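Q: With the working numbering applied, the sequence shown corresponds to residues 227 to 638, in that order. Ideal placement from N, C-alpha and C gives every residue a C-beta, glycine not left out. On a predicted model such as this, the values are computed, not experimentally measured, just so you know.
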Amino acid sequence: MRALTKISRTPWAIQTEALTKIAKIASRNNEDLKALAKENGDLDKENRTLEYRGNTAIINISGPVFRYANLFTEISGATSTEAIAKAIGDAEQNENINNIVFNFDTPGGEATEISTLAEMIHTTPKHTVAYVGAMAASAGYWLASAANEVIISSTGLVGSIGTVATIDLSGDDGETIEIVSSQSPKKRLDPDTDEGRAEVQAMVDKMAGVFINDVATYRKTTSNFVEKYFGQGGLLMGAEAVEVGMADKMGSLESLIKTLESGTMSEEKKGVFFAVEDFNAEFIKANYSELYSSIFEAGAEQERARIQAVKEQSIPGLETEIESMMFDGKTSGEQAAVAMLKAIKEQGAQVAAQIAQVQAPIHDEPEDTRDPIEKEWDTNAGGCRDQFSSFANFKSYKQGAAKGVIRIIGRQ
227 MRALTKISRT PWAIQTEALT KIAKIASRNN EDLKALAKEN GDLDKENRTL
277 EYRGNTAIIN ISGPVFRYAN LFTEISGATS TEAIAKAIGD AEQNENINNI
327 VFNFDTPGGE ATEISTLAEM IHTTPKHTVA YVGAMAASAG YWLASAANEV
377 IISSTGLVGS IGTVATIDLS GDDGETIEIV SSQSPKKRLD PDTDEGRAEV
427 QAMVDKMAGV FINDVATYRK TTSNFVEKYF GQGGLLMGAE AVEVGMADKM
477 GSLESLIKTL ESGTMSEEKK GVFFAVEDFN AEFIKANYSE LYSSIFEAGA
527 EQERARIQAV KEQSIPGLET EIESMMFDGK TSGEQAAVAM LKAIKEQGAQ
577 VAAQIAQVQA PIHDEPEDTR DPIEKEWDTN AGGCRDQFSS FANFKSYKQG
627 AAKGVIRIIG RQ
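1) What is the DSSP secondary structure of Ala698, reduced to helix, strand or coil?
2) Which ranges does the alpha helix (DSSP H) cover as unbroken runs of at least 4 residues, wholly within the stretch 541 to 593, from first to last along the chain?
3) When the Cα atoms are used, what is the spatial distance from Glu336 to Ile347?
4) Taking just the CA atoms, how far does Ser364 sit from Asp474?
5) Do you know whose CA, among Gly543, Val584, Phe553, Glu602, lies nearest Leu567's CA?
6) With H, G and I counted as helix, E and B as strand and the rest as coil, what does DSSP make of Glu339?
7) In chain order, what residues of the same chain lie with their CB nearer than 6 Å to the CB of Ile483, ignoring the 5 residues before and after it?
8) So Met472 and Thr381 are in contact, right, with Cβ under 8 Å, and what is the actual spacing, rounded?
9) Cα separation between Met552 and Gln573?
10) Per the contact definition of three or more C-beta pairs closer than 8 Å, is the stretch 447 to 455 in contact with the stretch 354 to 361?
11) Candidates Tyr518, Ala362, Ala531, Ile378: which alpha carbon is nearest Gly653's?
12) Go ahead and label Pro333 buried or exposed: buried means 16 or more other beta carbons lie within 10 angstroms of its beta carbon, across all protein chains shown.
13) Using DSSP's beta-bridge definition, name the partner residues of Ala283.
14) If you drop the 5 nearest sequence neighbours on each side, which residues of the same chain put their C-beta closer than 7 Å to that of Ser616?
15) Buried or exposed: which applies to Pro290, given that a residue is buried once 16 or more other Cβ atoms fall within 10 Å of its Cβ?
16) Can you tell me which residues form a DSSP beta bridge with Thr332?
17) Could you check the C-alpha separation between Phe614 and Ala582 for me, to the nearest Å?
18) Please classify Phe328: is it buried, with 16 or more other beta-carbons within 10 angstroms of its beta-carbon, or exposed?
19) How should Val441 be labelled, buried or exposed, when 16 other C-beta atoms within 10 angstroms of its C-beta is the threshold for buried?
20) Quick one: what does DSSP say Ile310 is sitting in, helix, strand or coil?
21) Where do the ends of the beta strand (DSSP E) carrying Glu321 lie?
22) What's the gap between the Cα of Gly366 and the Cα of Leu517?
23) Under the assumption that Leu461 contacts Gly388 (Cβ atoms under 8 Å), give the Cβ distance between them as a whole number of angstroms.
24) Could you give the distance in angstroms between the alpha-carbon of Gln427 and the alpha-carbon of Glu339?
25) Which first and last residues belong to the beta strand (DSSP E) in which Glu600 is found?
26) Thinking Gly359 and Asp316 are a contact (beta carbons under 8 Å), I'd like their distance in whole angstroms, please.
27) What residues match up with Ser288 in a beta bridge as DSSP calls it?
28) In whole angstroms, what separates the C-alpha of Arg445 from that of Gly559?
29) On the CB-based measure, 16 or more other CB atoms within 10 Å of its CB, does Glu375 come out buried or exposed?
30) Which first and last residues belong to the beta strand (DSSP E) in which Ile378 is found?
31) Could you check what DSSP says for Ala372 in three-state terms: helix, strand or coil?
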């Protein structure tokens with residue numbers, strides 16, 4: 227029952243049927259191990275995780291993938307990440323080996339350490355090929371995606387991307403309660419998402435996020451694309467898997483090994499799949515570094531040329547306008563020239579208006595043509611109005627004084 231308890235507390239990346247089989251084996255007590263092994267047809271099978279064919283190492287990954295190898299993995303027909311890692315190390319150290327083929331027939335397994343093992347596959351200096359003749363589901367596809375390329379048979383199945391945590395396993399007749407990653411709605415068609423399982427759900431989703439991100443990185447696509455087109459927790463077969471980019475091409479294991487041994491393996495890089503909304507500068511930089519660099523350099527050179535072309539249109543007195551256009555990132559030299567002509571025209575109109583204003587004729591005050599006597603009366607010069615009762619008397623006095631007829635002897 228300790229095995230059953232461990233299974234119930236372990237996050238899995240595995241097909242439902244395989245997990246159920248593991249749970250049933252773990253729940254059986256007091257039975258002959260050989261009988262169980264015979265039932266599963268695996269006890270008498272030789273341990274052939276690693277084999278060699280010329281310059282090619284073949285690492286067989288069959289049955290559920292457990293973290294450690296033990297008696298339970300043997301009687302359940304499983305493979306361990308421990309054994310796979312050792313096989314990779316042996317193949318890497320063999321100087322005669324140029325290629326490593328990972329031969330998959332697995333429904334998946336424990337999610338623990340799968341990411342680490344996938345990275346080990348991804349970074350090995352040997353040329354790696356994942357071959358899927360039957361199935362590379364869940365944790366199996368996690369590992370397969372890390373290879374340099376993925377070859378699939380016409381009936382091979384890949385996918386089941388997502389993780390699942392078993393909450394309770396009570397034996398053959400008991401109920402299995404599962405929480406399924408939200409990114410994989412087809413992984414389990416009727417998941418139990420009870421509110422009380424929220425913390426476990428969060429853990430499962432986080433692990434599924436690592437799974438999806440790893441696959442996206444290895445297959446040179448985006449997490450968004452993986453979630454949308456890599457089966458959504460379901461399995462894709464042969465040609466369909468190649469069509470969406472989960473595999474690179476179809477073939478057989480023997481033809482693959484023959485091609486590798488002949489040294490005629492295509493050097494053509496696998497295509498990059500992405501959703502239109504994911505295609506941006508960051509995506510290009512991550513997946514097409516050389517193209518990104520060339521675009522960046524070309525863009526920088528074009529910008530330098532644009533700035534220089536704008537600068538050449540500079541005119542004394544309009545430096546501020548030119549500087550603004552130089553660094554706005556869009557104005558071309560031709561547009562700057564037009565802008566300068568317009569500015570000159572506007573400036574000329576302003577100068578012309580100012581000149582016209584300066585040259586306008588000066589209008590003097592109109593000449594006062596009134597009679598001096600009248601002007602004197604109007605201005606009350608010498609208090610004339612205080613001395614004469616009317617203008618007529620004042621005028622007569624002024625005229626008489628002018629003719630010498632009137633003499634002023636004195637004033638009181």
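A: With the given structure in hand:
1) Given a span of 227 to 638 for the chain in the structure shown, any question on residue 698 remains unanswerable.
2) 545 to 552, 559 to 585
3) 17 Å
4) 18 Å
5) Gly543
6) coil
7) Arg279, Thr282
8) With 8 Å as the limit, Met472 and Thr381 do not qualify as a contact, their Cβ atoms being about 15 Å apart.
9) 21 Å
10) no
11) Because the chain spans 227 through 638 in this model, residue 653 falls outside it and cannot be assessed.
12) buried
13) Tyr278, Ile326
14) none
15) buried
16) Ala362
17) 53 Å
18) buried
19) buried
20) helix
21) Note, Glu321: premise wrong, no beta strand (DSSP E); not H, not E.
22) 33 Å
23) Actually they are not in contact, since the Cβ atoms of Leu461 and Gly388 sit about 12 Å apart, beyond 8 Å.
24) 19 Å
25) From DSSP, Glu600 is part of no beta strand (DSSP E) but of the alpha helix (DSSP H) over 598 to 605.
26) Between Asp316 and Gly359 the Cβ distance is about 23 Å, and since that is not below 8 Å, they are no contact.
27) Asp331
28) 44 Å
29) buried
30) 375 to 378
31) coil
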